[in-house]
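Residue numbers (my numbering): 0 to 31. All residues carry an ideal CB built from backbone N, CA and C; glycine is no exception. Reading through the structure tokens given below for one structure.
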């Protein structure tokens, strides 16, 4: 089961941009 799922995220900042970023974080996975 996924705790968080992001697909096709796009974000523009003044100095760079992110295009079509996708990721999944499974339940129980530790990030930090």
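Span of the beta strand (DSSP E) around residue i
i, result
"residue 29", "Careful: residue 29 lies outside any beta strand (DSSP E) and carries neither H nor E."
"residue 11", "1 to 11"
Inter-residue Cα distance where the pair is residue i and residue j
i, j, result
"residue 6", "residue 13", "22 Å"
"residue 20", "residue 2", "17 Å"
"residue 9", "residue 26", "24 Å"
"residue 0", "residue 28", "11 Å"
"residue 23", "residue 15", "23 Å"
One or two residues paired with residue i in a DSSP bridge
i, result
"residue 21", "Residue 21 pairs with nothing; no bridge assigned."
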